[in-house]
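For what it's worth, the numbering used here labels the leading residue of the sequence shown as 180, then goes sequentially.
Written below as structure tokens is the structure these notes are about.
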Amino acid sequence: MRLRALLDTDALGLRLLGGEDELDRTVRGVMTTDLRDPSRYLSGGELVLTGLAWRRDAADSEPFVRLLVQAGVAGLAAGEAELGNVPEDLVVACVRHRLPLFAVHESVAFATITEHVVRQVSGERAGDLAAVVDRHRRMMTSGPAGGGPDVVLDLLGSDLDLRAWVLSPAGRLIAGPKVAGPGLPADTCAKLAAEHLAAARTGRRGPHRVTLGSSTYSLFPVRSSGRSPQASRDVRETVLSDWLLAVEADAGDWPEERLDLLRGVTQLIAVERDRRDAARTVRRRLAQEVLELVQAGAAPAEIAARLRVAAPVLLPGLGAAPHWQVVVARVEWQDGDLEDGPVAQSLLEEILVDPSATGPEPSDRIAVAHTGDEAIALVPLPAVSTEHDGSEAGILADALLESVRDPLSAGLDDDGRVTLGVSASVHSAEGLRGALEEARHARRVAAARAGRVCAAGHQELASHVLLLPFVPDDVRRAFTARLLDPLRDYDRRHRAELIPTLEAFLDCDGSWTRCATRLHLHVNTLRYRVGRIEQLTSRDLSRLEDKLDFFLALRMS
Numbered sequence: 180m181r182l183r184a185l186l187d188t189d190a191l192g193l194r195l196l197g198g199e200d201e202l203d204r205t206v207r208g209v210m211t212t213d214l215r216d217p218s219r220y221l222s223g224g225e226l227v228l229t230g231l232a233w234r235r236d237a238a239d240s241e242p243f244v245r246l247l248v249q250a251g252v253a254g255l256a257a258g259e260a261e262l263g264n265v266p267e268d269l270v271v272a273c274v275r276h277r278l279p280l281f282a283v284h285e286s287v288a289f290a291t292i293t294e295h296v297v298r299q300v301s302g303e304r305a306g307d308l309a310a311v312v313d314r315h316r317r318m319m320t321s322g323p324a325g326g327g328p329d330v331v332l333d334l335l336g337s338d339l340d341l342r343a344w345v346l347s348p349a350g351r352l353i354a355g356p357k358v359a360g361p362g363l364p365a366d367t368c369a370k371l372a373a374e375h376l377a378a379a380r381t382g383r384r385g386p387h388r389v390t391l392g393s394s395t396y397s398l399f400p401v402r403s404s405g406r407s408p409q410a411s412r413d414v415r416e417t418v419l420s421d422w423l424l425a426v427e428a429d430a431g432d433w434p435e436e437r438l439d440l441l442r443g444v445t446q447l448i449a450v451e452r453d454r455r456d457a458a459r460t461v462r463r464r465l466a467q468e469v470l471e472l473v474q475a476g477a478a479p480a481e482i483a484a485r486l487r488v489a490a491p492v493l494l495p496g497l498g499a500a501p502h503w504q505v506v507v508a509r510v511e512w513q514d515g516d517l518e519d520g521p522v523a524q525s526l527l528e529e530i531l532v533d534p535s536a537t538g539p540e541p542s543d544r545i546a547v548a549h550t551g552d553e554a555i556a557l558v559p560l561p562a563v564s565t566e567h568d569g570s571e572a573g574i575l576a577d578a579l580l581e582s583v584r585d586p587l588s589a590g591l592d593d594d595g596r597v598t599l600g601v602s603a604s605v606h607s608a609e610g611l612r613g614a615l616e617e618a619r620h621a622r623r624v625a626a627a628r629a630g631r632v633c634a635a636g637h638q639e640l641a642s643h644v645l646l647l648p649f650v651p652d653d654v655r656r657a658f659t660a661r662l663l664d665p666l667r668d669y670d671r672r673h674r675a676e677l678i679p680t681l682e683a684f685l686d687c688d689g690s691w692t693r694c695a696t697r698l699h700l701h702v703n704t705l706r707y708r709v710g711r712i713e714q715l716t717s718r719d720l721s722r723l724e725d726k727l728d729f730f731l732a733l734r735m736s
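Written out as structure tokens, the structure is:
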């Protein structure tokens with residue numbers, strides 16, 4: 180489209196301030212920025228929208244305009260909401276460099292201009308492809324009934340013969356075409372995500388082309404529709420949270436028209452990302468409230484009340500209050516000049532989702548808060564059971580990072596590090612503080628290891644570690660509760676006397692005959708009780724390590 184066409188649309192609220200002789204320039208796209216130097220994100224032909232937050236004084240206008248001209252942009256549109264009007268120094272600079280300048284009325288959102296330009300550019304350059312984009316837009320903005328990004332990808336396949344997938348930065352498949360055809364294997368998703376993150380860290384503009392086997396993919400970044408590629412001053416703030424669109428094609432052979440179209444499609448897919456981020460607001464607030472209560476030492480009854488509010492939000496339809504696990508994450512960069520808490524929060528919200536799950540919905544069950552440089556996740560478990568191998572169900576530290584280690588390492592490059600700690604599950608408000616400290620201590624254990632991406636779980640906090648003086652009392656209480664609470668609960672319900680049986684069994688050094696005599700039980704009854712203890716705790720009382728753990732737990736209780 181031509182620049183002058185923008186003035187013919189009253190709804191855009193644009194007023195020409197200079198550059199009337201240049202209005203026949205072609206607009207190839209649109210981009211919003213408030214960076215002082217956005218040139219690295221510009222490819223030429225864009226209409227640049229700015230709220231003028233980059234301008235500190237009159238001297239800033241000249242270098243800003245000069246950088247835009249060198250990048251080959253079509254024009255500049257400045258919002259009046261921030262300063263009330265467009266500064267004269269910016270007008271003079273644009274006239275000097277022959278850059279068309281528009282003023283945007285404060286009542287007009289940049290998103291309105293962006294959508295109009297994307298639609299018009301696609302229409303004038305690709306003809307019938309404009310109808311495809313418009314259909315995408317309607318489906319994406321109509322809510323869940325519209326089908327979400329999967330429908331957009333189906334239309335790319337049916338109308339443009341392009342197979343495409345939306346991936347998370349950790350390589351999870353968020354959306355893919357529902358039409359017939361082979362899917363995208365998990366290992367391919369992980370490799371594509373790693374290639375994309377590595378390219379993003381170098382500052383190279385997309386699309387990034389990657390060849391895996393006999394297939395070539397073009398990777399387009401998908402960013403929030405409310406944030407342009409350069410809204411973040413440092414790529415590290417978003418590199419671990421931005422989605423990507425992987426297209427099975429070599430975009431290096433494409434005409435500019437088709438590249439523009441795919442960039443427009445990424446903006447439409449970003450609507451789903453924005454919807455996801457908006458949905459996370461409530462869960463983040465719930466997690467923040469619970470975290471503040473726990474850290475402030477609030478009464479268990481008050482914490483329990485907040486947990487009862489959180490449970491139905493995170494697990495709709497659940498009758499009883501769930502068990503909970505706590506996961507603590509920290510993202511650290513070598514120069515330490517970033518606010519790492521929000522970065523870790525976005526990352527944790529992504530990697531806590533089962534990597535085999537598709538779509539954005541599984542993340543609706545994760546509530547993550549951040550405090551300082553760490554993010555803290557409150558993860559509900561519908562029920563805590565024992566797996567076939569005797570381990571407790573729930574999140575395991577090693578499994579958590581198994582499928583995402585390579586992509587995250589690529590995004591961290593040589594100057595970043597991610598460490599995570601996972602607590603055991605707790606079933607009450609009383610255990611939540613201990614679980615938080617346990618997860619934090621596990622993260623410190625992970626931080627002591629080598630590697631860009633490390634995690635540790637409660638299973639790795641061996642008994643002898645609990646004797647170290649730097650371990651918080653809450654961790655000791657969490658250890659004791661994890662071993663003895665299942666037995667106490669069982670005794671309360673069945674009057675089975677498992678705790679007295681355990682104490683006697685340990686006092687008798689594991690002797691069946693002596694213990695049965697002391698308790699006035701038949702040996703078979705004793706064996707049944709010990710078997711029940713082992714079943715409830717996933718421990719083996721024939722092992723010295725487990726005997727020692729029970730001994731310590733009983734002494735510390």
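Even glycine gets a Cβ: it sits at the ideal position worked out from N, Cα and C.
Neighbourhood of residue i by C-beta, 8 Å cutoff - its chain only, sequence neighbours within 5 removed
| i | result |
| --- | --- |
| glycine 710 | none |
| proline 479 | Ser607, Ala608, Glu609 |
| serine 411 | Bear in mind that the predicted position of serine 411 carries a pLDDT of just 49, short of 50, making it unreliable; the figure below should be weighed with that in mind. Answer for serine 411: Thr417, listed in chain order. |
| valine 414 | Ala379, Arg380, Gly382 |
| valine 270 | Leu196, Gly197, Leu280 |
| glutamate 259 | Val265, Ala282, Val283, His284, Glu285 |
Beta-carbon contacts of residue i that lie in its chain and below 7 Å, excluding the five residues immediately before and after
| i | result |
| --- | --- |
| histidine 637 | Val601, Ser602, Ala603, Glu617, Ala621 |
| leucine 226 | Val206, Val209, Ala253, Gly254, Ala256, Val296 |
| glycine 385 | Leu398, Phe399, Pro400 |
| alanine 369 | Gly350, Ser582, Asp585, Pro586 |
| arginine 277 | Gly198, Glu201 |
| leucine 186 | Leu193, Leu195 |
| alanine 732 | Phe658, Thr659, Leu662, Leu663 |
| aspartate 719 | Glu713, Asp725 |
Selection from the options that minimises the alpha carbon distance to residue i
| i | options | result |
| --- | --- | --- |
| glutamate 682 | Ser393, Val632, Ser736 | Ser736 |
| glutamate 713 | Leu677, Arg584, Ala484, Arg234 | Leu677 |
| leucine 440 | Glu374, Glu451, Leu341 | Leu341 |
| alanine 425 | Val597, Asp432, Phe399 | Phe399 |
| aspartate 594 | Thr367, Val624, Gln513, Asp552 | Gln513 |
| aspartate 725 | His699, Leu705, Phe684, Thr390 | Phe684 |
| aspartate 421 | Leu391, Ile530, Phe729 | Ile530 |
| arginine 722 | Gly689, Gly224, Asp519 | Gly689 |
| phenylalanine 729 | Ala660, Ala365, Val469, Asn264 | Ala660 |
| proline 266 | Arg234, Cys633, Phe289, Arg275 | Arg234 |
| glycine 626 | Gly520, Leu663, Glu511 | Checking the sequence, you will find alanine at residue 626 rather than glycine. Comparing Cα-Cα distances from alanine 626 to each of Gly520, Leu663, Glu511, the minimum goes to Glu511. |
| leucine 470 | Arg485, Val461, Asp456 | Arg485 |
| aspartate 188 | Trp433, Arg275, Gln299 | Note on identity: in this sequence residue 188 is threonine, with aspartate being the wrong assignment. Out of Trp433, Arg275, Gln299, Gln299 has the C-alpha closest to the C-alpha of threonine 188. |
| glutamate 374 | Pro348, Ser394, Ser393, Gly362 | Pro348 |
| serine 393 | Ala428, Arg402, Leu228, Leu615 | Ala428 |
| arginine 619 | Ala675, Asp552, Thr229, His502 | Asp552 |
Sheet register partners of residue i (DSSP bridge)
| i | result |
| --- | --- |
| alanine 425 | Trp344, Leu398 |
| histidine 387 | Leu398 |
| glutamate 225 | Gly208 |
| glutamate 553 | Arg509, Thr550 |
| glycine 595 | Trp512 |
| leucine 666 | Its beta-bridge partners do not exist; DSSP assigns none. |
| arginine 194 | Ala282 |
| glycine 382 | None; glycine 382 has no bridge partner. |
| alanine 634 | Leu599 |
| glycine 258 | Val283 |
Beta-carbon proximity list for residue i, same chain, < 6 Å, skipping 5 on both sides
| i | result |
| --- | --- |
| alanine 458 | none |
| aspartate 203 | Arg181 |
| leucine 526 | Leu419 |
| proline 328 | Val345, Ala354, Ile448, Glu451 |
| threonine 216 | In the sequence under discussion, the amino acid at residue 216 is aspartate, which differs from the threonine named in the question. Within the same chain, aspartate 216 has close Cβ partners Leu246. |
| arginine 183 | Leu202 |
| glutamine 504 | Val558, Gly573, Ile574, Ser602, Ser604 |
Integer Cβ distance of residue i from residue j, believed to fall under 8 Å
| i | j | result |
| --- | --- | --- |
| leucine 231 | glutamate 199 | Not a contact, Cβ separation roughly 22 Å. |
| alanine 175 | valine 283 | Given that the chain is displayed from residue 180 to residue 736, the structure contains no residue 175 and the question cannot be resolved. |
| alanine 272 | serine 240 | 4 Å |
| valine 287 | glycine 192 | 4 Å |
| valine 507 | leucine 599 | 7 Å |
| glycine 613 | aspartate 577 | Not confirmed; about 22 Å, so no contact. |
| arginine 509 | alanine 523 | 6 Å |
| leucine 438 | alanine 430 | 6 Å |
| threonine 211 | threonine 293 | 7 Å |
| glycine 336 | proline 364 | Not a contact, Cβ separation roughly 18 Å. |
Check: residue i C-beta below 7 Å from any heavy atom of the ligand NAD
| i | result |
| --- | --- |
| leucine 185 | Questions concerning the ligand NAD fall outside what the structure shown contains, since it holds no ligand whatsoever. |
Next item on the list: Within the stretch 460–527, note down every full alpha helix (DSSP H) run reaching 4 residues or more, in order along the chain.
Entry: 479–493
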